[in-house]
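S.K.: Each position in the sequence shown, counted from 1, maps to that position plus 12 in our numbering.
Using N, Cα and C, we set each Cβ at its ideal position, and we do this for glycine too.
Submitted below is the structure of interest, expressed as structure tokens.
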Amino acid sequence: MIEAYSFGQMKIAGKIYSRDLKVINGQVVPNWWRKEGHRLFSEDIADILQAHPEFLVIGTGAYGAMSLSPEVEEALKREAIEFEALPTGRAVDLFNRLWQEKKKVAGAFHLTC
Numbered sequence: 013m014i015e016a017y018s019f020g021q022m023k024i025a026g027k028i029y030s031r032d033l034k035v036i037n038g039q040v041v042p043n044w045w046r047k048e049g050h051r052l053f054s055e056d057i058a059d060i061l062q063a064h065p066e067f068l069v070i071g072t073g074a075y076g077a078m079s080l081s082p083e084v085e086e087a088l089k090r091e092a093i094e095f096e097a098l099p100t101g102r103a104v105d106l107f108n109r110l111w112q113e114k115k116k117v118a119g120a121f122h123l124t125c
């Protein structure tokens with residue numbers, strides 16, 4: 013579960029992260045870099061697609077600056093993975109709710125912009 017989020021920082025299991033990250037099968041994958049900084053492609057979430065969660069929560073940044081390429085949506089639909097892309101603060105709330113409901117949820121979070 014994510015303990016806190018503020019612009020540029022996220023706290024998980026007592027550790028503070030200051031770079032974009034993913035959460036897959038309850039494990040943090042820190043220092044997440046994407047093919048293009050503010051555009052998400054399926055190769056950027058290949059490890060999430062392989063883990064095949066029930067739900068993927070995408071944090072698009074504090075102000076929603078990161079967008080999804082159409083191929084991401086197609087890949088998630090093809091794999092029958094439900095998803096929601098929201099500004100990161102709202103995405104954290106959704107991720108935590110799904111986590112508490114014991115869903116197999118993954119997260120991909122842009123921490124700034």
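#1: Does the distance from the CB of N37 to the CB of A63 come in under 8 Å?
#2: Does the segment 20-32 come into contact with the segment 81-88, if we say contact requires no fewer than three beta-carbon pairs (one atom in each stretch) closer than 8 Å?
#3: Within 10 angstroms of its Cβ, does M13 collect 16 or more other Cβ (buried), or is it exposed?
#4: What are the start and end residues of each continuous alpha helix (DSSP H) run of 4 or more residues lying completely inside the segment 79-115, in chain order?
#5: Considering only the beta carbon of each residue, do L106 and E91 sit closer than 8 Å?
M.R.: The answer reads as follows:
#1: Yes.
#2: No, because fewer than three Cβ pairs between the segment 20-32 and the segment 81-88 fall closer than 8 Å, the two stretches do not touch.
#3: Under this definition M13 is an exposed residue.
#4: For the segment 79-115, the continuous alpha helix (DSSP H) assignments of 4+ residues that do not extend past its boundaries occur at 82-90 and 100-112, in sequence order.
#5: Cβ distance not < 8 Å, so L106 and E91 don't count as in contact.
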